[in-house]
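Colleague:
Number of protein chains: 2
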Amino acid sequence: MRLSTRGRYGLRAMYELALHYGEGPIPLNFIADKQMVSVHYLEQLMAKLRRAGLVVSSRGAQGGYELSRPPEKITVGDVVRITEGSFDPVQCLSNDFGDDDCEQFGDCVVRLVWKRLRDSTNEVLDSLNLRDLCDGTIDPEDTLSEKS
Amino acid sequence: MRLSTRGRYGLRAMYELALHYGEGPIPLNFIADKQMVSVHYLEQLMAKLRRAGLVVSSRGAQGGYELSRPPEKITVGDVVRITEGSFDPVQCLSNDFGDDDCEQFGDCVVRLVWKRLRDSTNEVLDSLNLRDLCDGTIDPEDTLSEKS
DNA sequence: AGAATCCCAAGTAAACTAATCGGGATTCCT
DNA sequence: AGGAATCCCGATTAGTTTACTTGGGATTCT
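Line by line, the protein sequences are chains A and B. To convert, note that position 58 of the first sequence is 817 in my numbering; the numbers rise steadily by one, no gaps. To convert, note that position 95 of the second sequence is 854 in my numbering; the numbers rise steadily by one, no gaps.
(1) List the residues of chain B that A:S879 touches, going by C-beta distances under 8 Å, in chain order.
(2) Over the uninterrupted beta strand (DSSP E) stretch that includes B:E825, give me the two end residues.
(3) Classify A:T880: buried if its beta carbon has 16 or more other beta carbons within 10 angstroms, exposed otherwise.
(4) Below 8 Å between beta carbons: does that hold for B:C830 and B:Y780?
(5) Give a yes or no on whether the C-beta atoms belonging to B:G823 and B:P784 are separated by under 8 Å.
(6) At the level of alpha carbons, what is the spacing between B:R765 and B:N788?
(7) Classify B:N854: buried if its beta carbon has 16 or more other beta carbons within 10 angstroms, exposed otherwise.
(8) Does the stretch 896-903 of chain A come close enough to the stretch 868-887 of chain B that 3 or more CB-CB pairs lie under 8 Å?
(9) The beta strand (DSSP E) spanning A:S816 covers which residue range?
(10) Kindly indicate the opening and closing residues of the alpha helix (DSSP H) around A:G799.
(11) Kindly indicate which three-state DSSP category A:T842 falls into: helix, strand or coil?
(12) Is A:Y780 close to chain B, meaning its C-beta is less than 8 Å from at least one C-beta of that chain?
(13) Give a yes or no on whether 8 Å exceeds the smallest Cβ distance from B:L813 to chain A.
(14) Taking B:V838 and B:L813 to be in contact with their CB atoms under 8 Å, please state how far apart those CB atoms are, rounded to whole angstroms.
(15) Which whole-angstrom value is the C-beta distance of B:L770 and B:C893, which I expect to be below 8 Å?
(16) Looking at chain B, which residues of the stretch 761-778 of chain A have a Cβ within less than 9 Å of any of its Cβ atoms?
(17) Looking only at C-alpha atoms, which of A:R761, A:E843, A:R890, A:S797 sits nearest to A:K807?
As structure tokens, this is what we get:
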């Protein structure tokens, strides 16, 4: 249950883009410098995020990446689901898994456990958006912050 | 963010032991048959659980494994943390990670996200014990069941 | 004695991770 | 027009992890 660098770098990159939202395209080498990651590796992550429609890119000099919509419209879950893959802890929770693929699909007790785990993961990560990260108002103690 | 077979088989094995709690030692081949897993592979998982004190073993004929305490005293989190490893999604959340190991340790925004993720994971998995699994009273819709 | 079981350590094929490498296609700026 | 800056794409690779398998030894019951 460890996040890969894809999810970590991906979110950090998106956080950086959120900080500079509205300032035009930000080149990857700017982000790479801040994070000590190779531009090439970041490119792979950004390609995924671009195909998913979370960022738009402009090529050529003065080009770069920017968020496709305002930071408050992009949740942490949006980002991590793309870069890291879905949160389904087990295969039998994914959409393309049929009843026939596991003989005890219907009444599998442990499956309910993994379902809860997935749901709570989605809930936590979707309760935070990129604006929240920029504002720095996340309470480290709260698990699920109630936004008043 | 996918669970390995260790966490899945481990919990299923413990669920099986919980179902037969009080009936004396259950041999591994009984569990292996039900789960279509090799006895040898299960042995590796049970070794971890035994070293962690969650099960006790008896050797020789008529031997096997049994829970070291009643099912309601063992949470799903207890089991999965042992077989799967801790839930720290990133290294900088683990105990042996010092402030010096990451220059922005103190005021790292994304780290707060991963912290929340870890806390909610622990919360969900510790809210269920092996007795709950046996009772079959888990509501598939609830993320965190309130036991009344 | 012999069967059933747990115990331990090593080996292994396949997949995955985290990159790196090399080059091509656009676009801006002068 | 030329050159620099940038994104874009696909291949390769070293290292790690996963999910086992193999082979045997120790203990206990009958």
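Ideal placement from N, C-alpha and C gives every residue a C-beta, glycine not left out. Here the structure is a predicted model, which means the values were calculated and not measured.
Modeller: This is what the structure holds:
(1) Translated into positions along the first sequence, residue 879 of chain A becomes position 120. Correct list: S879, T880, E882, V883, T902, L903.
(2) Sequence index remark: in the second sequence, residue 825 of chain B carries index 66 (1-based). Residues 823-826.
(3) Working through the first sequence from its first residue, we reach residue 880 of chain A at position 121. When all chains shown are included, A:T880 counts as buried.
(4) As a first step, residue 830 of chain B is located in the second sequence; it is residue number 71 there, counting from the start. As a first step, residue 780 of chain B is located in the second sequence; it is residue number 21 there, counting from the start. For the sequence presented, residue 830 of chain B should be read as Pro rather than Cys. Going by C-beta atoms, B:P830 is nearer than 8 Å to B:Y780.
(5) In the second sequence, residue 823 of chain B corresponds to position 64, counting from 1. In the second sequence, residue 784 of chain B corresponds to position 25, counting from 1. The answer is yes: Cβ separation under 8 Å.
(6) Here residue 765 of chain B refers to the residue found at position 6 of the second sequence. Here residue 788 of chain B refers to the residue found at position 29 of the second sequence. So the alpha carbons of these two residues sit roughly 17 Å apart.
(7) Counting from 1 along the second sequence, the entry for residue 854 of chain B is found at position 95. That one is exposed.
(8) yes
(9) Translated into positions along the first sequence, residue 816 of chain A becomes position 57. From DSSP, the beta strand (DSSP E) with A:S816 extends over 814-817.
(10) Start at 1 with the first residue of the first sequence, and residue 799 of chain A comes out as number 40. What sits at residue 799 of chain A in the sequence shown is His, not Gly. 798-810 is the extent of the alpha helix (DSSP H) around A:H799.
(11) Sequence index remark: in the first sequence, residue 842 of chain A carries index 83 (1-based). Helix.
(12) As a first step, residue 780 of chain A is located in the first sequence; it is residue number 21 there, counting from the start. No, its Cβ sits nowhere closer than 8 Å to a Cβ of chain B.
(13) To locate residue 813 of chain B, count along the second sequence from 1; it is residue 54. Closer than 8 Å: no.
(14) As a first step, residue 838 of chain B is located in the second sequence; it is residue number 79 there, counting from the start. As a first step, residue 813 of chain B is located in the second sequence; it is residue number 54 there, counting from the start. Yes, B:V838 and B:L813 are in contact; Cβ-Cβ is about 7 Å, under 8 Å.
(15) As a working mapping, residue 770 of chain B is identified with position 11 in the second sequence. As a working mapping, residue 893 of chain B is identified with position 134 in the second sequence. Their Cβ separation, rounded to whole angstroms, is 13 Å, which puts B:L770 and B:C893 out of contact at 8 Å.
(16) R761, L762, S763, G766, R767, L770, R771, Y774
(17) Along the first sequence, read from residue 1 onward, the residue named residue 807 of chain A stands at position 48. The option with the nearest alpha carbon to A:K807 is A:E843.
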